[in-house]
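In the working numbering, the protein residues as written are 1 to 362.
Quick reminder that beta carbons are idealized off the backbone N, C-alpha and C, glycines included.
Have a look at this one:
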């Protein structure tokens, strides 16, 4: 099989799983791809590589790809369009839908979608202009409560509200910065939460994270993790959450309260790989197997000339893989202009609202 990996950063664990299974891949940063929609009723929509070093953009031939694996961080809004285009307009299987990735990136929309599918979530209220603090806090069960920006990962943009004064000043800061927020019931879980990796209808690995500095248990915030086995009910909750968002592959975060009730907190369309080191299991191998089964193809069935590759010594194959990885990483570096521009815009906002950014830990 031949995969198209859409990524905005190195993907060593994923590409290793693809190669170990005997498959091949192309890796492209979606931010440098041109999405073409034809006027033809017969469907001649296409995708072009718009890398700056190319004199003329090169068409990506859809028929060469068996499946698309998105690993999109920066530029998700446009990247999700690329995923939708490949899946719906070019009829290529994708492990995640563009709509699902966008929903997962928005914490309020995620909570709404999970609730609409009958999945237990903490009491939540969304606000653009939080001008009635008492009302908002009461709706989520009182203090303490958790305020979150609608986007953000690795524990950034999350604040615990402990008293009336802090709550009032925090909500006022959100209002003055015109930053919508999600106010949520505080779940007492002993500074612990659970990250589960879902592939298809199965939880393939899970870890329990414990916060070090505060209530946030994210590894990126200094938290620690340990491998755990979920109960059947917890596994079902994670799978249902992932499927509710249209994701065949995701990282689902859940919390267990003092009474043992499990709550779905978030679904991550681009889950970090720290869990691989903690559990000792590369979940991308499960993802590749899932795609093989989904498409009914064995590892030996690849659209690239596998018979020729079989005659190349292993050392040469390894050299080829390394060269390809270096080319891929160079391609991603050439696409960083957009990222740098967004960084400059973010710096301007930080200068304008320093107090809010400090409060959010961003």
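Contact set for residue i: own chain, Cβ-Cβ below 8 Å, skip 5 residues either direction
i	result
residue 47	33, 34, 35, 36, 59, 60, 62, 82, 85, 86, 90
residue 11	5, 27, 71
residue 151	105, 106, 107, 157
residue 295	1, 66, 67, 93
residue 299	Reliability of the predicted coordinates at residue 299 is poor, the pLDDT of 47 falling under 50, and the value obtained from them is presented with this limitation in mind. Result list for residue 299: 1, 21, 22, 23, 292, in chain order.
residue 119	237, 240, 241, 244, 264
residue 229	206
residue 50	32, 33, 34, 57
residue 233	262
residue 113	103, 244, 245
residue 77	102
Anticipated Cβ contact below 8 Å, residue i with residue j, distance rounded
i	j	result
residue 183	residue 127	7 Å
residue 14	residue 92	Rounded, the Cβ-Cβ distance is 17 Å, inconsistent with contact.
residue 171	residue 144	That pair is no contact at about 14 Å.
residue 160	residue 146	6 Å
residue 227	residue 279	4 Å
residue 285	residue 52	Rounded, the Cβ-Cβ distance is 34 Å, inconsistent with contact.
Bridge-paired residues (DSSP) for residue i
i	result
residue 34	48
residue 390	A query on residue 390 cannot be resolved here, the shown segment of the chain reaching from 1 to 362 and no further.
residue 128	Partner(s): none; residue 128 has no beta bridge.
residue 225	209
residue 106	Note: residue 106 sits in no beta bridge, so no partner.
residue 159	147
residue 94	68
residue 196	206, 252
residue 87	According to DSSP, residue 87 bridges with nothing at all.
residue 59	48
residue 247	96
residue 268	251
Residue interval of the alpha helix (DSSP H) (run including residue i)
i	result
residue 174	164-176
residue 41	Counting along the chain, residue 41 falls outside any alpha helix (DSSP H), and DSSP gives it neither H nor E.
residue 243	232-244
residue 292	283-295
residue 397	It is not possible to answer for residue 397, since the shown part of the chain is limited to 1 through 362.
residue 65	From DSSP, residue 65 is part of no alpha helix (DSSP H); its letter is neither H nor E.
residue 13	12-20
residue 134	133-139
residue 389	Look at the range of the chain in this structure, 1 to 362, and you will see that residue 389 is not part of it.
residue 77	76-84
Residues near residue i by beta carbon distance below 7 Å, same chain, minus five either side
i	result
residue 187	122, 255, 257, 263
residue 315	Low confidence applies to residue 315: its pLDDT is 44, below 50, so where it sits in the model is not reliable enough to give any reading.
residue 381	The question about residue 381 has no answer here: the residues shown for the chain are numbered 1 through 362.
residue 396	Lying outside 1 to 362, the shown extent of the chain, residue 396 is not represented and no answer is given.
residue 318	Confidence in residue 318 is poor, its pLDDT being 49 and thus under 50, which makes the residue's placement too unreliable to answer from.
residue 167	133, 137, 143, 161
residue 312	A caution first: residue 312 carries a pLDDT of 38, below 50, which makes its placement in the model unreliable, though a value can still be read off. Around residue 312: no qualifying Cβ.
Boundaries of the beta strand (DSSP E) in which residue i is found, first to last residue
i	result
residue 202	202-210
residue 24	24-28
residue 3	2-7
Proximal residues to residue i (C-beta, below 6 Å), its chain only, five neighbours per side dropped
i	result
residue 109	103
residue 141	123, 185
residue 197	204, 205, 251, 283
residue 139	125
residue 79	30, 72
residue 307	Summary for residue 307: the model assigns pLDDT 30, below 50, so the residue's position carries little reliability; its value from the coordinates is reported in the next sentence. Closer than 6 Å at the Cβ level, and outside the excluded window around residue 307, lies no residue.
residue 287	199, 249
residue 129	175
residue 304	Residue placement at residue 304 is flagged as unreliable, the pLDDT there being 46, under the threshold of 50; the coordinate-derived value follows with that caveat. Taken in chain order, the residues that qualify are 2, 24.
residue 179	none
residue 281	205
residue 297	1
residue 115	121
residue 290	199, 200
Chain C within 8 Å of residue i, Cβ atoms only
i	result
residue 254	No chain C appears in this structure, which consists of one protein chain only.
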